[in-house]
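Each residue of the sequence shown is one higher than the one before, counting from 61 in our numbering.
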Amino acid sequence: MRERTEKSQAPSIPEERVRNVMHRSILLLVVATAILTLLGLLMVFSAITPGAVRAEYEDGPNLFRSAYLQMAYAAIGTVLAVICARIPLAVFQRLWGLALGFGILLQGLVLTPLGASVAGNRNWIAFGPIRLQPSEFLKLAMVVALAAVLGRMVQGAHFQLSDWSGPIAITGASIGAVLVGGDMGTALIFLLIGVGMFWMAGFPGRYFLISGALGFFLVVVLIFSSRSRITRIQDFFQNLFTLPTGQTPSQADYALWAFGSGGPGGSGLGTGIEKWPGNLAEAHTDFIFAVVGEELGFFGCAVVIVLLGTIGYALLTICMYHPHRFGRFVAGGATLWLCGQAVANMFVVTGLLPVFGVPLPFMSQGGSSVISCLMAVGVCVAAALAVPGVKESFRRSSSLAGRVRAVIRRTS
61 MRERTEKSQA
71 PSIPEERVRN
81 VMHRSILLLV
91 VATAILTLLG
101 LLMVFSAITP
111 GAVRAEYEDG
121 PNLFRSAYLQ
131 MAYAAIGTVL
141 AVICARIPLA
151 VFQRLWGLAL
161 GFGILLQGLV
171 LTPLGASVAG
181 NRNWIAFGPI
191 RLQPSEFLKL
201 AMVVALAAVL
211 GRMVQGAHFQ
221 LSDWSGPIAI
231 TGASIGAVLV
241 GGDMGTALIF
251 LLIGVGMFWM
261 AGFPGRYFLI
271 SGALGFFLVV
281 VLIFSSRSRI
291 TRIQDFFQNL
301 FTLPTGQTPS
311 QADYALWAFG
321 SGGPGGSGLG
331 TGIEKWPGNL
341 AEAHTDFIFA
351 VVGEELGFFG
361 CAVVIVLLGT
371 IGYALLTICM
381 YHPHRFGRFV
391 AGGATLWLCG
401 QAVANMFVVT
411 GLLPVFGVPL
421 PFMSQGGSSV
431 ISCLMAVGVC
441 VAAALAVPGV
451 KESFRRSSSL
461 AGRVRAVIRR
471 TS
């Protein structure tokens, strides 16, 4: 019951309107991503300042080394995003198997001597001083793979469960590869992406109920298999019904104090207290949103949320208006990944979810995270540029801008 189909079977939309929507979405996506990444670099510099000052007395030359590395990672990610944006969309569609296989193979290296453990999760590989988190790149590979396989299925057709064996295998293999390293939080993001893309493809509701029950049982088993996870769940429920205590504060307590002391306008960039050693242990990574809340206040948090919302809006618009199913699924999967993970991170930092360790896209320190997120944006730009007439619209815009500059020079 599968059939290769390039065009979506949604009601036709005038080509000029689609072209204009894609043009506008690319601009929104690129501008919002650039601003958010730059803001993230600024906040990383602020968040690592206490540790860098301490390192100055201990090691001397290590001052701000991690922040400079983050700048290098952002630059690498930008270059890779531009390269991805210039690759024809059909190439991603053809090479999905290679990308997924390489991603799973890379994830498997965490079990070799190259693997490194952080906070009890063996989800990194180390090359000297450089650490790589393969699961971040596997997210992008899974999105592309599911988009390619689900995009070939006829929209509106009736499928048997066996027809979904390919997408189920892709999702299961990706989640399993991450769980082998013990990183349950990242595995939940994979699950979110998979469930969302299955829903986009019309996965039968009765199978959602069955798989949901099995998934819930697996999550419960994984929680009770780790003392650290049990403690996080206990802290979460305690914080729901009690005010933060100064006796044995958790990471969530420090984060709430940071938001509370920030107020509307914040204490000022670089002046936060909770990021100092002994308080927020992950201020520069998973809890960087708390640093934003303390130093830039409510308005700073609102700016971050608006920028993330703009990215989500642009991606969702590409998903809704793209004439090809593969392009729709790529943009939809990226939306689920980037926006879903951002919401999960913010809920954790504000105490609305248990701590399970996922970074804030584009902002948290971590080379693998920022590079993979920027690459995902590049792939989505490639999807939008694949729509007929979109590339030409940018060429016309650039030539018009050139003519305007020429007129200004002549009249000045």
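Ideal Cβ positions, reconstructed from N, Cα and C, are used throughout, including at glycine.
C-beta atoms of Ser-429 and Pro-414 nearer than 8 Å: As a working mapping, residue 429 is identified with position 369 in the sequence shown. As a working mapping, residue 414 is identified with position 354 in the sequence shown. No, the Cβ-Cβ distance between Ser-429 and Pro-414 is not below 8 Å.
For Ser-310, three-class secondary structure by DSSP: As a first step, residue 310 is located in the sequence shown; it is residue number 250 there, counting from the start. Residue state, collapsed to three classes: coil.
One or two residues paired with Ile-190 in a DSSP bridge: Taking the sequence shown and counting its residues from 1, one reaches residue 190 at position 130. Bridge partners of Ile-190: Phe-187.
Endpoints, the alpha helix (DSSP H) within which Ala-443 is located: As a position in the sequence shown, residue 443 is number 383, starting the count at 1. Counting along the chain, the alpha helix (DSSP H) containing Ala-443 begins and ends at 427–445.
At least 3 beta-carbon pairs within less than 8 Å: the region 197–208 vs the region 153–160: yes
Coil, strand or helix - Asn-80 by DSSP: Mapped onto the sequence shown, residue 80 falls at position 20. Of the three classes helix, strand and coil, the one that applies to Asn-80 here is helix, per DSSP.
Among Met-260, Phe-297 and Ala-446, nearest to Leu-396 - alpha-carbon criterion: The residue you call residue 396 lines up with position 336 of the sequence shown. It is Met-260 whose Cα lies nearest to the Cα of Leu-396.
Start and end residues, beta strand (DSSP E) containing Ala-47: A query on residue 47 cannot be resolved here, the shown segment of the chain reaching from 61 to 472 and no further.
Euclidean distance between Cα positions of Phe-347 and Gly-323: Taking the first residue of the sequence shown as position 1, residue 347 is located at position 287. Taking the first residue of the sequence shown as position 1, residue 323 is located at position 263. Straight-line Cα distance between these residues: approximately 17 Å.
Boundaries of the alpha helix (DSSP H) in which Glu-355 is found, first to last residue: Walking along the sequence shown from the start, residue 355 turns up at place 295. 348–355 is the extent of the alpha helix (DSSP H) around Glu-355.
C-beta atoms of Ser-424 and Lys-199 nearer than 8 Å: On the sequence shown, residue 424 is found 364 positions in, with the first residue counted as 1. On the sequence shown, residue 199 is found 139 positions in, with the first residue counted as 1. No, these two residues do not count as a Cβ contact at 8 Å.
Distance CB(Gly-137)-CB(Leu-434) smaller than 8 Å: The residue labelled residue 137 in the question sits at position 77 within the sequence shown. The residue labelled residue 434 in the question sits at position 374 within the sequence shown. Closer than 8 Å, so yes.
Whole-number beta carbon distance between Gly-426 and Ala-145, since they are thought to touch under 8 Å: Here residue 145 refers to the residue found at position 85 when the sequence shown is read from its first residue. Here residue 426 refers to the residue found at position 366 when the sequence shown is read from its first residue. Contact flag wrong, Cβ pair sits at about 22 Å.
Proximity to Val-390 [Cα-Cα], best of Leu-375, Ala-404, Phe-296 and Glu-334: Within the sequence shown, residue 390 is the residue found at index 330, counting from 1. Here the closest residue by C-alpha is Leu-375.
Inter-residue Cα distance where the pair is Phe-416 and Ile-190: For the purposes of this step, residue 416 is taken as the residue at position 356 of the sequence shown. For the purposes of this step, residue 190 is taken as the residue at position 130 of the sequence shown. If you take the alpha carbons of Phe-416 and Ile-190, they lie about 24 Å apart.
Given 8 Å, three or more beta-carbon pairs between the region 312–332 and the region 392–410: yes
C-alpha gap between Phe-187 and Pro-227, whole angstroms: Start at 1 with the first residue of the sequence shown, and residue 187 comes out as number 127. Start at 1 with the first residue of the sequence shown, and residue 227 comes out as number 167. In a straight line, the C-alpha of Phe-187 is about 33 Å away from that of Pro-227.
Contained alpha helix (DSSP H) runs [length at least 4] in the region 223–252, N- to C-terminal order: 225–239
Nearest candidate by alpha-carbon position, reference Ser-288, set Asp-243, Ala-443, Gly-369 and Val-104: By 1-based counting over the sequence shown, the position of residue 288 is 228. If we check each option's Cα against that of Ser-288, Asp-243 comes out closest.
Straight-line Cα distance separating Gly-256 from Leu-300: As a position in the sequence shown, residue 300 is number 240, starting the count at 1. As a position in the sequence shown, residue 256 is number 196, starting the count at 1. Answer to the nearest angstrom: the Cα atoms are 28 Å apart.
Assumed close pair Gly-353, Gly-325 - CB separation to whole angstroms, cut-off 8 Å: Translated into positions along the sequence shown, residue 353 becomes position 293. Translated into positions along the sequence shown, residue 325 becomes position 265. With 8 Å as the limit, Gly-353 and Gly-325 do not qualify as a contact, their Cβ atoms being about 11 Å apart.
Three-state secondary structure assigned by DSSP to Asn-181: As a first step, residue 181 is located in the sequence shown; it is residue number 121 there, counting from the start. In the structure shown, Asn-181 sits in a strand (DSSP, three-state: E or B).
Limits of the alpha helix (DSSP H) - the one that Trp-156 falls within: Residue 156 sits at position 96 when you count from the first residue of the sequence shown. Counting along the chain, the alpha helix (DSSP H) containing Trp-156 begins and ends at 156–168.
N- and C-terminal bounds of the alpha helix (DSSP H) containing Gln-130: Translated into the one-based positions of the sequence shown, residue 130 becomes position 70. 125–146 is the span of the alpha helix (DSSP H), which, as asked, contains Gln-130.
Per-residue burial, Asp-11 [other beta carbons within 10 Å of its own, 16 or more giving buried]: Past the edges of the chain, shown from 61 to 472, lies residue 11, and the structure says nothing about it.
N- and C-terminal bounds of the alpha helix (DSSP H) containing Ile-270: Taking the sequence shown and counting its residues from 1, one reaches residue 270 at position 210. First-last of the alpha helix (DSSP H) with Ile-270: 265–284.
Beta-carbon spacing of Pro-234, Ile-164 below 8 Å: As a position in the sequence shown, residue 234 is number 174, starting the count at 1. As a position in the sequence shown, residue 164 is number 104, starting the count at 1. The residue asked about is misnamed: residue 234 is Ser in this sequence, not Pro. A contact, by the Cβ cut-off of 8 Å.
Span separating the alpha-carbon of Ile-230 from that of Gly-168: One-based indexing of the sequence shown puts residue 230 at position 170. One-based indexing of the sequence shown puts residue 168 at position 108. Distance between the alpha carbons of Ile-230 and Gly-168: 15 Å.
Simplified DSSP assignment, three categories, for Val-317: Here residue 317 corresponds to residue number 257 of the sequence shown, with the count starting at 1. The amino acid occupying residue 317 in the given sequence is Trp; Val does not appear at that position. Trp-317: helix per DSSP, three-state reduction.
Coil, strand or helix - Thr-331 by DSSP: The count along the sequence shown starts at 1 and reaches residue 331 at position 271. Of the three classes helix, strand and coil, the one that applies to Thr-331 here is coil, per DSSP.
Beta-carbon contacts of Leu-340 that lie in its chain and below 8 Å, excluding the five residues immediately before and after: The residue given as residue 340 occupies position 280 in the sequence shown. Same-chain partners within the cutoff: Gln-311, Tyr-314, Ala-315, Ala-318, Glu-334, Phe-347, Ala-350 and Val-351.
Through-space distance from Ala-247 to Leu-239, alpha-carbon basis: As a position in the sequence shown, residue 239 is number 179, starting the count at 1. As a position in the sequence shown, residue 247 is number 187, starting the count at 1. Rounded to whole angstroms, Leu-239 to Ala-247 spans 6 Å at the Cα level.
Closest by C-alpha distance to Leu-171, when choosing among Gln-193, Gln-153 and Val-151: Locating residue 171 in the sequence shown gives position 111, where the first residue counts as 1. Comparing Cα-Cα distances from Leu-171 to each of Gln-193, Gln-153 and Val-151, the minimum goes to Gln-193.
Exposure of Ala-362, with buried meaning 16 or more beta-carbon neighbours within 10 Å: Walking along the sequence shown from the start, residue 362 turns up at place 302. That one is exposed.
Neighbourhood of Gly-393 by C-beta, 7 Å cutoff - its chain only, sequence neighbours within 5 removed: Locating residue 393 in the sequence shown gives position 333, where the first residue counts as 1. Within the same chain, Gly-393 has close Cβ partners Val-203, Leu-206, Ala-207, Ile-253 and Met-257.
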